[in-house]
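Undergrad: Would you mind keeping the following structure in view while I ask a few things?
Number of protein chains: 2
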Amino acid sequence: MSDILQVLGKLGSQVDDKMLELLTVGASKDFQEVVFHQVQAGGKRVRPALTILFCQAVGGNTEDALSAAAAIELVHNYSLILDDVIDDADVRRNLPTTWKKFGLNFGILAAIHYREAIEEGSIRTPNHAAISRIIADTIRELVEGERLDVLFEQLPSNEEYTEKHRYRDVSLEDYETMIGYKTAALIRASCEIGVICAAGSKEMQKAAREFGWKAGIAFQLADDVLDLFAEEAKLGKKLGKDIYEHKLGNVVLLQALPLLSQADRDYVLQVLRSDKPTENDVKKVIALLKQTTASDFVQKKAKQLVNDAKSALDSFPNKEATQLLETLVDFIYQRSF
Amino acid sequence: MSDILQVLGKLGSQVDDKMLELLTVGASKDFQEVVFHQVQAGGKRVRPALTILFCQAVGGNTEDALSAAAAIELVHNYSLILDDVIDDADVRRNLPTTWKKFGLNFGILAAIHYREAIEEGSIRTPNHAAISRIIADTIRELVEGERLDVLFEQLPSNEEYTEKHRYRDVSLEDYETMIGYKTAALIRASCEIGVICAAGSKEMQKAAREFGWKAGIAFQLADDVLDLFAEEAKLGKKLGKDIYEHKLGNVVLLQALPLLSQADRDYVLQVLRSDKPTENDVKKVIALLKQTTASDFVQKKAKQLVNDAKSALDSFPNKEATQLLETLVDFIYQRSF
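Line order of the protein sequences matches chains A and B.
Under this note's numbering, think of the first position of the first sequence as 506, with each following residue one higher.
Under this note's numbering, think of the first position of the second sequence as 506, with each following residue one higher.
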């Protein structure tokens, strides 16, 4: 596991340099501190590592994939800046969020600028036409995922559209649609674009997509578990963020609800629907969820997806790279932060 | 003048169809009403008309330019959706703004979706590589223009970044930098991209850029005059919007301030800096500005720019199209709404 952290660290620092380079294009000096803030807050850089490792798995090198990898990580950070506005989130990675630090207006302007830095990266890839098409499709999927995530929130809204389309119940199928768009689509794109950077075959593209999709779903399942049960200090944000944000779109919650007594279920839903859940409420909800088998079930499901993802790697020639991809997907599933 | 309205109407309806087609890609049924709202509110469609007419001026036809023209108009509407969030604007064209109608979250998601519809249009043009480069550069310029526009606002802010970088004084040079980015850059791009759609020469591209830049500055000068002195019913928004929004970045204001008595100048600045200017305050400010020669001066300047712009049209072969471009730029300058 320390190997993969080393690989992530090394690739991540190259990706960070490239992201800053792309963000600098067309940004006046006074604006740079605004646009740098989000990426300088750090991150595991898992998505660009996938892009680079898939490029290597086909036979390409890091340099071939670096602009694309940076573009992919910028897509992720673009979505985070705006998610933080939408979720009214103040803190990420123990730092103020971009809109909180610089105000809503500059948060929005930073996000628009990110999208053009993504385009800048895409233009510099070996296959701009194919890659810009995938990026456009993927960002639209992120929007649809975020739209559903918002509509899965349980706090009654005084906005007509939200209230009209809000989900009173969320099925596991609804949930999978949402996380497919919101999380797995970008991880799938990260993998596929890596193959394209090395001019890999259509079959390899397909295998990379399959790997990315399954690893992406597993990643989100693990994330949902961590949101409720991680060690708060390592998480870098409040435990139970989904509950504070009234989100029914957490798989552990959805799995646990039918397993609770009627009284406990009503209590959990009441907390989700209350305007400002107290820390005590959230702790009690987490304790109730912990008593069920939901978390075990979700972790087993994630484990299965991870194993399925790995078997999509057979056709790639560079076994050193596929070995790292296997370790990376294990890391995603086992991580504790 | 009725000719050009007919041309705008005909081209506009083709552009509208194409915009809706591009916006539909990847938008779930429930989301379509959100993303359609902004373009269905209407607009003069001047920018896409410029794209199509420049394509024709080189010798191309409408179809060659239609996707690019729709992409250009979507850039404009993308910026309007987000400007309305940034300016906290409730009404545009006598309709609620997107964020006001659907809530902030869906306003932001609609805007992200617009950017991908722009990409979709760009991908469908005859020269995606060149056009996506110009669009990316232009959107970054719009961001910088909007950033300056926000920093030219005179209401003291409790946000650290805004207060640190806020302009206490705005020179005419600062103003021109701002409107160059915020308005002229996109009009320049509209013209240049039209030439590219018809594979025009580098010289024609340059001439189109010059036309667009000068027409764009003239357009903004005319807009600033209209914001203060138009007939309110025709304008579709409140007269003196810039004053309500504390904006010193209006050329009539900047020209008039040195011409006012110290007492009147202090009064105007006090209104601009007050939290909520009353309708009476705004009317009094407009009356003071009307007494100066500022508006005449600005209109003369716009007229000069329009004439200079026209002389950039000499090298284009299709004189029917250049004639329409001349009429269009006159229309921009003379319009009363």
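C-beta atoms are modelled at their ideal positions from N, C-alpha and C, and glycine is treated no differently.
Using C-beta distances below 6 Å, list every residue in its chain close to I509 of chain B, excluding the 5 sequence neighbours before and after it, in chain order.
TA: Here the set comprises T832, L833, F836.
Undergrad: Under DSSP, the alpha helix (DSSP H) around H845 of chain B begins and ends at which residues?
TA: The structure shown does not extend to residue 845 of chain B, since chain B is modelled only from 506 to 842, so the question has no answer here.
Undergrad: From which residue to which residue does the alpha helix (DSSP H) around A720 of chain A run?
TA: Per DSSP, A720 of chain A belongs to the alpha helix (DSSP H) from 707 to 734.
Undergrad: Measuring CB to CB, does N702 of chain A end up less than 7 Å from D569 of chain A?
TA: The sequence as given places Cys at residue 702 of chain A; Asn does not occur at that position. Contact: yes.
Undergrad: So, helix, strand or coil for P763 of chain B, using DSSP?
TA: Residue state, collapsed to three classes: helix.
Undergrad: Nearest to N755 of chain A by CA position, among A:A727, A:S637, A:E736, A:Q839, is which residue?
TA: For N755 of chain A, the nearest C-alpha among the options comes from A:A727.
Undergrad: For the 8 Å Cβ check, are there 3 or more pairs between the region 634 to 644 of chain A and the region 600 to 610 of chain B?
TA: No, they do not touch.
Undergrad: Can you tell me which of A:V563, A:D595, A:I557, A:E538 puts its alpha carbon nearest to the alpha carbon of K746 of chain A?
TA: Of the listed residues, the one whose Cα sits closest to K746 of chain A is A:D595.
Undergrad: Could you pull out every unbroken beta strand (DSSP E) segment of at least 3 residues lying fully inside the region 783 to 823 of chain A, listed in chain order?
TA: Runs found: none.
Undergrad: Please state whether DSSP places R597 of chain B in a helix, a strand or coil.
TA: Reduced to three states, the DSSP call for R597 of chain B is strand.
Undergrad: Cβ closer than 7 Å: which chain B residues qualify as neighbours of A634 of chain A?
TA: Residues of chain B passing the Cβ test: H633.
Undergrad: Say whether chain B places a C-beta atom closer than 7 Å to the C-beta of Y838 of chain A.
TA: Output row for Y838 of chain A: interface = no.
Undergrad: What are the residues of the region 678 to 712 of chain B that lie near chain A, defined by any Cβ-Cβ distance shorter than 9 Å?
TA: Listed in sequence order: no entries.
Undergrad: Let me see if you follow: with CB-CB separation under 7 Å, is G517 of chain B close to chain A or not?
TA: Taking Cβ atoms only, chain A never reaches closer than 7 Å to G517 of chain B, which makes this a no.
Undergrad: For a contact meaning CB atoms closer than 9 Å, what does L660 of chain B contact in chain A?
TA: Here the premise fails: no neighbours, minimum Cβ distance about 12 Å.
Undergrad: Report back the beta-carbon spacing between V790 of chain B and I748 of chain B to the nearest angstrom; my notes put them in contact at under 8 Å.
TA: Confirmed, Cβ separation roughly 6 Å.
Undergrad: Quick one: Cα of G626 of chain A to Cα of I644 of chain B, how far?
TA: Cα to Cα, the separation comes out at about 15 Å.
Undergrad: My guess is that L516 of chain A and I577 of chain A are in contact by the Cβ rule of under 8 Å, so how many angstroms apart are they, rounded?
TA: Not confirmed; about 12 Å, so no contact.
Undergrad: Is there a C-beta anywhere in chain B that falls below 7 Å from the one on N663 of chain A?
TA: So no, N663 of chain A is outside the interface.
Undergrad: Excluding five sequence neighbours on each side, which residues of the same chain lie with their C-beta closer than 6 Å to the C-beta of Y686 of chain A?
TA: Correct list, in chain order: E646, E649, G650.
Undergrad: Pop quiz: H751 of chain A and E621 of chain A are said to be a contact at Cβ under 8 Å. What is the actual Cβ separation, rounded to whole angstroms?
TA: Not confirmed; about 33 Å, so no contact.
Undergrad: Starting from E668 of chain B, follow the alpha helix (DSSP H) in both directions and report where the run begins and ends.
TA: Its alpha helix (DSSP H) spans residues 665 to 670.
Undergrad: Mind pulling the chain A residues with CB within less than 7 Å of R645 of chain B?
TA: Result: G531, H618, E621.
Undergrad: Answer with buried or exposed for T798 of chain B, where buried requires no fewer than 16 other C-beta atoms within 10 angstroms of its C-beta.
TA: Counting Cβ neighbours within 10 Å, T798 of chain B comes out exposed, since fewer than 16 surround it.
Undergrad: Could you check where the alpha helix (DSSP H) with A546 of chain B kicks off and where it finishes?
TA: Looking at the DSSP string, A546 of chain B is not in any alpha helix (DSSP H), and its letter there is neither H nor E.
Undergrad: Can P553 of chain A and A532 of chain A be called in contact, C-beta distance under 7 Å?
TA: No, these two residues do not count as a Cβ contact at 7 Å.
Undergrad: Please list the terminal residues of the continuous alpha helix (DSSP H) segment that includes V551 of chain A.
TA: Residues 551 to 563.
Undergrad: So with CB distances below 7 Å, who are the chain A contacts of D642 of chain B?
TA: Under the 7 Å cutoff, chain A gives G531.
Undergrad: For R850 of chain A, count neighbouring C-beta atoms within 10 Å of its own C-beta (all shown protein chains included) and say buried if the count is 16 or more, exposed if not.
TA: The requested residue 850 of chain A is not part of the displayed model; chain A covers only 506 to 842.
Undergrad: Any beta carbon of chain B sitting closer than 7 Å to that of G612 of chain A?
TA: Not one chain B Cβ lies under 7 Å of G612 of chain A.
Undergrad: When DSSP labels each residue in this structure, what does K534 of chain B get in the three-state scheme?
TA: If DSSP states are grouped into helix, strand and coil, K534 of chain B belongs with the helices.
Undergrad: Whose Cβ in chain A lies nearer than 8 Å to the Cβ of S766 of chain B?
TA: The premise fails here: S766 of chain B is roughly 34 Å from chain A at the closest Cβ pair, so nothing lies under 8 Å.
Undergrad: Check whether the Cβ of G650 of chain A lies closer than 7 Å to any Cβ atom in chain B.
TA: G650 of chain A does not count as touching chain B.
Undergrad: By the 10 Å Cβ neighbour count, where 16 or more other Cβ atoms means buried, how is S518 of chain A classified, buried or exposed?
TA: Flag for S518 of chain A reads exposed.
Undergrad: Counting pairs of Cβ atoms below 8 Å between the region 707 to 719 of chain B and the region 800 to 818 of chain B, do you hit three or more?
TA: A contact exists between the region 707 to 719 of chain B and the region 800 to 818 of chain B.
Undergrad: What's the call for E668 of chain A, buried or exposed, on a 16-neighbour Cβ count within 10 Å?
TA: It counts as exposed.
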